[in-house]
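Asks: If you scroll down you'll find the structure; I have some questions about it.
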Amino acid sequence: KNQVEQSPQSLIILEGKNCTLQCNYTVSPFSNLRWYKQDTGRGPVSLTIMTFSENTKSNGRYTATLDADTKQSSLHITASQLSDSASYICVVSSGTYKYIFGTGTRLKVLA
Amino acid sequence: GAGVSQSPSNKVTEKGKDVELRCDPISGHTALYWYRQSLGQGLEFLIYFQGNSAPDKSGLPSDRFSAERTGGSVSTLTIQRTQQEDSAVYLCASSLAPDLQGSKPQHFGDGTRLSIL
Chain A
205 KNQVEQSPQS LIILEGKNCT LQCNYTVSPF SNLRWYKQDT GRGPVSLTIM
255 TFSENTKSNG RYTATLDADT KQSSLHITAS QLSDSASYIC VVSSGTYKYI
305 FGTGTRLKVL A
Chain B
9 GAGVSQSPSN KVTEKGKDVE LRCDPISGHT ALYWYRQSLG QGLEFLIYFQ
59 GNSAPDKSGL PSDRFSAERT GGSVSTLTIQ RTQQEDSAVY LCASSLAPDL
109 QGSKPQHFGD GTRLSIL
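Line order of the protein sequences matches chains A and B. Note that this note's numbering has the first sequence beginning at 205, numbered continuously upward. Note that this note's numbering has the second sequence beginning at 9, numbered continuously upward.
In structure tokens, the structure reads:
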């Protein structure tokens, strides 16, 4: 069964600290992996998209990594800001229009 | 606006009533998706449109759910005889025509929060 699992479910950190969110997937076939940020009451917004051949991709303070052999991905947030408080969703595409969504990690950044 | 627009943003209705949710995709986006997001759950795929046709309706939970898209643009999701378990946030996304790798980014609206009393 195609699944995307994320950990931790929730995380609280202090402003300025770094954090890493994890994503494990069992999806076949694999096309690409995406990370989205979803603010409360808003739709998800794309942060990164990585194909099979890409190991890392950055978007400002967000850096995603992908290990296609172990089927793991991580999202590293550097120097967190209050505005980083949101849910982060890992999504794996299994081709053309099929996307499998994780349940997300809820991040809270405290001042 | 330049983004995906959904209306209404909130809808409260009584059990048994019909509801219609609307999605205006980004101009030029031929692909359109509907998802359902329940509390604590990942996004659940409902239906995918390419142009006006829906090659995959496999995610629609029951025959009370239907969707259409006209003019390759606006889409409506209709839920008939609503039940309490239909309460959720319904999200719409659009993208350029998907390639074989599914690499085109999806752009989401802010959703319709549906509450069934």
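We put the CB at the ideal spot given by N, CA and C, even for glycine.
Any C-beta of chain D within less than 9 angstroms: which residues of the segment 221 to 255 of chain A qualify?
Replies: The chain labelled as chain D is not found among the protein chains of the depicted structure, namely A and B.
Asks: Out of curiosity, what's the CA-to-CA distance linking L314 (chain A) and S278 (chain A)?
Replies: 22 angstroms
Asks: Would you please verify whether the beta carbon of Y301 (chain A) is less than 8 angstroms from any beta carbon of chain B?
Replies: True, the Cβ-Cβ gap to chain B drops below 8 angstroms.
Asks: Classify S66 (chain B) as helix, strand or coil using the three-state DSSP reduction.
Replies: S66 (chain B): coil per DSSP, three-state reduction.
Asks: Give a yes or no on whether the C-beta atoms belonging to L122 (chain B) and D94 (chain B) are separated by under 8 angstroms.
Replies: yes
Asks: If you check the beta carbons only, do G220 (chain A) and A290 (chain A) fall under 8 angstroms apart?
Replies: It is not a contact, given that the beta carbons lie outside the stated cut-off.
Asks: If L29 (chain B) and Y98 (chain B) are in contact, beta carbons under 8 angstroms, what's the gap, nearest whole angstrom?
Replies: 5 angstroms
Asks: If I follow the unbroken beta strand (DSSP E) through T307 (chain A), where does it start and stop?
Replies: Note, T307 (chain A): premise wrong, no beta strand (DSSP E); not H, not E.
Asks: For D118 (chain B), go through chain A and note every residue whose CB falls closer than 9 angstroms to its CB, in chain order.
Replies: G245, R246 and G247
Asks: Using C-beta distances below 7 angstroms, list every residue in its chain close to P212 (chain A), excluding the 5 sequence neighbours before and after it, in chain order.
Replies: Contacts found: T309.
Asks: Using the beta-carbon of each residue, which ones in chain B are nearer than 7 angstroms to G306 (chain A)?
Replies: Against chain B, a Cβ distance below 7 angstroms from G306 (chain A) picks out G50.
Asks: Does the segment 248 to 261 of chain A come close enough to the segment 226 to 238 of chain A to have 3 or more Cβ pairs within less than 8 angstroms?
Replies: Touching, yes, given that three or more Cβ pairs across the two stretches are closer than 8 angstroms.
Asks: For the beta strand (DSSP E) containing Y41 (chain B), list its first residue and its last residue.
Replies: A39 to Q45
Asks: Within 10 angstroms of the Cβ of K112 (chain B), are there 16 or more other Cβ atoms? Answer buried if so, exposed if not.
Replies: buried
Asks: Kindly confirm or deny that the segment 238 to 252 of chain A and the segment 265 to 277 of chain A touch, where touching means at least three C-beta pairs closer than 8 angstroms.
Replies: yes
Asks: Which residues in the same chain as I304 (chain A) place their Cβ atom closer than 6 angstroms to its Cβ, once the five residues preceding and following it in sequence are excluded?
Replies: N206, V208, V231 and V296
Asks: Report yes if the C-beta distance between T307 (chain A) and Q49 (chain B) is below 8 angstroms; otherwise report no.
Replies: yes
Asks: Run the CB neighbour count on V20 (chain B), radius 10 Å, all protein chains shown included, and call it buried at 16 or more, exposed below.
Replies: exposed
Asks: How would you write the range of the beta strand (DSSP E) that Q228 (chain A) sits in, first residue to last?
Replies: Note that residue 228 (chain A) is Asn in the sequence shown here, rather than Gln. C223 to T230 is the span of the beta strand (DSSP E), which, as asked, contains N228 (chain A).
Asks: Quick check for students: name the residue ranges of the alpha helix (DSSP H) that lie wholly in the segment 249 to 285 of chain A, counting only runs of 4 or more.
Replies: none
Asks: Name the DSSP bridge partner or partners of F234 (chain A)?
Replies: Answer by DSSP bridge pairing: none, since F234 (chain A) is not bridged.
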